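From first to last, the protein sequence lines stand for chains A and B.
Residue numbers for the first sequence follow the numbering used here, beginning at 1 and rising by one.
Residue numbers for the second sequence follow the numbering used here, beginning at 1001 and rising by one.
Cβ coordinates follow ideal geometry from the N, Cα and C atoms, glycine included.
Nothing here was measured: the structure is a model prediction, and the numbers come from that model.
The next block holds one structure in the form of structure tokens; read it before the comments.
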Amino acid sequence: MNDFSSALGAAVSLLLAGDAALGEIVGLSLRISLGAVFVATLIGMPLGAATALYRFPGRKALVVLLNALMGLPPVVVGLVVYLMLSRMGPFGVLGLLFSPAAMVIAQTILIIPIIAALSRQIIEDLWREYEEQLRSFGASPGRSMLTLLWDGRFSLSTAVLAGFGRASAEVGAVMIVGGNIDHVTRVMTTAIALEVSKGDLALALGLGIILITLSLAINGAAFALKEMAERRHA
Amino acid sequence: MSDILPLELDNVSFEGGGKRLIKDLSLTFKAGPRTVILGPNGAGKSLLLRLCHGLLKPSAGKVQWQGELGSDPAAHQAMVFQRPVMLRRTVAANAAYALSLRGISGPERRQRVADALKRTGLGRLADQPARVLSFGEQQKLALARAWALRPKVLFLDEPTASLDPAATHAIEEVIDAFHAAGTRIIMTTHDLGQAKRIGDDVIFMHRGRLLEFSTAEKFFEAPENELARAFIAGDLLWWKRPDRH
Chain A
1 MNDFSSALGA
11 AVSLLLAGDA
21 ALGEIVGLSL
31 RISLGAVFVA
41 TLIGMPLGAA
51 TALYRFPGRK
61 ALVVLLNALM
71 GLPPVVVGLV
81 VYLMLSRMGP
91 FGVLGLLFSP
101 AAMVIAQTIL
111 IIPIIAALSR
121 QIIEDLWREY
131 EEQLRSFGAS
141 PGRSMLTLLW
151 DGRFSLSTAV
161 LAGFGRASAE
171 VGAVMIVGGN
181 IDHVTRVMTT
191 AIALEVSKGD
201 LALALGLGII
211 LITLSLAING
221 AAFALKEMAE
231 RRHA
Chain B
1001 MSDILPLELD
1011 NVSFEGGGKR
1021 LIKDLSLTFK
1031 AGPRTVILGP
1041 NGAGKSLLLR
1051 LCHGLLKPSA
1061 GKVQWQGELG
1071 SDPAAHQAMV
1081 FQRPVMLRRT
1091 VAANAAYALS
1101 LRGISGPERR
1111 QRVADALKRT
1121 GLGRLADQPA
1131 RVLSFGEQQK
1141 LALARAWALR
1151 PKVLFLDEPT
1161 ASLDPAATHA
1171 IEEVIDAFHA
1181 AGTRIIMTTH
1191 DLGQAKRIGD
1201 DVIFMHRGRL
1211 LEFSTAEKFF
1221 EAPENELARA
1231 FIAGDLLWWK
1241 RPDRH
């Protein structure tokens, strides 16, 4: 209880002090997580929608694979990305290891299956409702996919938020490929891990509270936007 | 006038779930009259419409559009379903959607949408989300979407099921307007009164078979088929199984 109240105190004082280093860490965390969510949405949503609409050999195996990959271990992803981006790896020449870009890549790989699998389920349910009507209109599969993605946008926002939740809470992969370098690749989760290892549990908890508050604020804002838009467009 | 009709069904059967749901059905729809397809539940009325519209492929037999424009029949027909699917957008955007799929854009699309909404009495609701409309209004919007397409053939699958008399009257007025504009109407209904009001021809089906195809006048005054007579008389057909096949 004592630890928790001192953590709360640490969180409040960090926020009130307007600490520049904290601002830098929070900003980098948001940039990396939102960047990963953006890229993963661009890849994952069409992938999920295509899996829902098209019938092809191995489709069921792909569905199972996407569902299974939702639980992809971050450290394994971090390790694989590390090997790819290290000097000996195929993409070593790009010099991305221990940079925010490497962290975005790792998080993108982690959350593509989440967004794709949830999108597939949402689009498949919508397709059951829309299929006859769209086929009657003469919509091609590609156009049907775009229509379903647009009409399912409110439900699909949940898939994006799930991806953001995973990205913002992730520590293993970004620690490996980012290296937790101060002022370069230090984000909230790696900073928390560092403070724990240094024994400053109050500060670690304080950072944790800020991270949870940020996540709540973003989810709350997204939910409010979704509600507002749903009321307007049903 | 160029047309996609006649539509010819040649010995068409359709199987689903291991059962023959449409059995050896042959008939021709020519240009002109309004055809009403009657029959009890499970007769195969909706399946027949879907086979004609191209949403289902027959398990056996052929469905062929024989008219001059028959090589691209999908571009000249529309269907209104019993439960219309409203896209999650405004009433006007719903009406515009199918037009955009057919490559109609710009002022012509706007004109057609405005015309279709006006014709169906939905003009004042153009900017409302379609999914908050009442069921009757949604069915009108489904008709407006079809109207905007200016189809040569319109399939209607029980378009007034679950509607009150006022809404049914409004829908039937629009169907009459389609007919007056030269669109061939082929619709299913359970409602004998509606079949009398709208139908020029009647097709009577039972358990996937076409039992009678005649003019509405002849069908209602002197039906040839025993089951059709029982259906018109209001008898329940579930116990009548002289057509065991």
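Residue of the options minimising C-alpha distance to residue i
i, options, result
"B/A1098", "A/R153, A/V76, A/P141 and A/L134", "A/L134"
"A/L138", "B/R1102, B/R1088 and B/D1115", "First, the amino acid is wrong: residue 138 of chain A is Gly here, not Leu. Considering only alpha carbons, the answer is B/R1102."
"A/L148", "A/L47, A/F223 and A/R232", "A/L47"
"B/R1020", "B/L1038, B/L1027, B/G1044 and B/S1026", "B/G1044"
"B/L1237", "B/K1023, B/Q1128, B/N1041 and B/L1055", "B/N1041"
"A/P74", "A/V64, A/I114 and A/L94", "A/I114"
"A/T41", "A/S215, A/R186, A/A116 and A/G152", "A/A116"
"B/T1168", "B/T1183, B/A1195 and B/A1181", "B/A1195"
"B/A1166", "B/L1141, B/T1188 and B/G1136", "B/G1136"
"A/S140", "B/Q1064, B/L1049, B/A1233 and B/S1100", "B/S1100"
"A/G163", "A/A61, A/A229, A/R232 and A/S119", "A/S119"
"B/I1175", "B/N1011, B/R1034, B/P1006 and B/F1014", "B/R1034"
"B/A1161", "B/F1213, B/G1234, B/G1193 and B/R1131", "B/G1193"
"B/P1023", "B/A1078, B/H1206, B/R1150 and B/Q1111", "It is Lys, not Pro, that sits at residue 1023 of chain B in the sequence shown. Comparing Cα positions, the closest option is B/H1206."
"A/S155", "A/E24, A/L97, A/G78 and A/K226", "A/K226"
Where residue i falls, given that 16 or more other Cβ within 10 Å makes a residue buried
i, result
"A/A17", "exposed"
"A/Y54", "exposed"
"A/H183", "exposed"
"A/V76", "exposed"
"B/F1231", "buried"
"B/E1173", "exposed"
"A/I181", "exposed"
"A/L94", "exposed"
"A/A198", "A small fix is needed here, since residue 198 of chain A is Lys in this sequence, not Ala. Exposed, since its Cβ has fewer than 16 Cβ neighbours within 10 Å."
"B/F1155", "buried"
"A/L216", "exposed"
"B/F1081", "buried"
"A/V12", "exposed"
"B/R1112", "buried"
"A/F4", "exposed"
"A/E195", "buried"
"A/F223", "exposed"
"B/G1208", "buried"
"A/V64", "exposed"
"A/R231", "exposed"
"B/R1184", "buried"
"B/K1057", "exposed"
"B/I1004", "buried"
"B/F966", "This structure gives no information on residue 966 of chain B, because the portion of chain B shown stretches from 1001 to 1245."
Contacts that residue i makes with chain A (C-beta to C-beta distance below 8 Å)
i, result
"B/H1053", "S136"
"B/A1098", "F137 and G138"
Within chain B, the residues that residue i reaches when beta carbons sit closer than 7 Å
i, result
"A/E132", "L1055 and F1081"
"A/A139", "L1101"
"A/R55", "Within chain B, no residue comes near A/R55; the closest Cβ sits about 15 Å away, beyond 7 Å."
Per DSSP, cross-strand counterpart(s) of residue i
i, result
"B/G1016", "B/K1019"
"B/W1065", "B/L1007"
"B/A1078", "B/L1154"
"B/A1060", "B/S1013"
"B/F1204", "B/L1038 and B/E1212"
"B/P1129", "B/T1090"
"B/L1252", "Residue numbering for chain B in the displayed model covers 1001 to 1245; residue 1252 of chain B lies beyond these limits and cannot be assessed."
"A/M228", "DSSP output for A/M228 lists no bridge partner at all."
"B/I1186", "B/T1035 and B/F1155"
Residue i: contacting residues in chain A (beta-carbon distance under 7 Å)
i, result
"B/V1085", "E129, Y130 and Q133"
"B/A1148", "Simply none; closest approach about 11 Å."
"B/A1263", "Because residue 1263 of chain B is not part of the residues shown, which for chain B are 1001 to 1245, the question remains open."
"B/A1074", "G138"
Chain-ordered chain A contacts of residue i [CB-CB under 9 Å]
i, result
"B/A1170", "By Cβ distance, chain A contributes nothing, its closest Cβ being about 21 Å from B/A1170, past 9 Å."
Per-residue contacts from residue i into chain B (C-beta, under 8 Å)
i, result
"A/R143", "L1101"
Any non-hydrogen atom of the ligand ZN closer than 7 Å to residue i Cβ
i, result
"B/I1203", "For the ligand ZN, the structure offers nothing, since it holds no ligand at all."
Test: residue i CB closer than 8 Å to a CB of chain C
i, result
"A/G206", "Judged by its chain identifiers, the structure shown contains no chain C, and its protein chains are A and B."
**Request:** Taking only runs that begin and end inside the region 1098-1147 of chain B, name each unbroken alpha helix (DSSP H) of 4 or more residues, in chain order.
**Result:** The region 1098-1147 of chain B contains these whole alpha helix (DSSP H) runs: 1106-1119.
**Message:** Suppose only complete runs of 4+ residues qualify. What are the alpha helix (DSSP H) ranges in the region 34-101 of chain A, listed by chain order?
**Reply:** If you keep only unbroken alpha helix (DSSP H) runs of at least 4 residues inside the region 34-101 of chain A, you get 59-69 and 74-85.
**Prompt:** Considering only residues of the region 171-226 of chain A, which uninterrupted beta strand (DSSP E) runs meet the minimum length of 3 residues and lie entirely inside it, listed in chain order?
**Reply:** The region 171-226 of chain A contains no whole beta strand (DSSP E) run of 3 or more residues.
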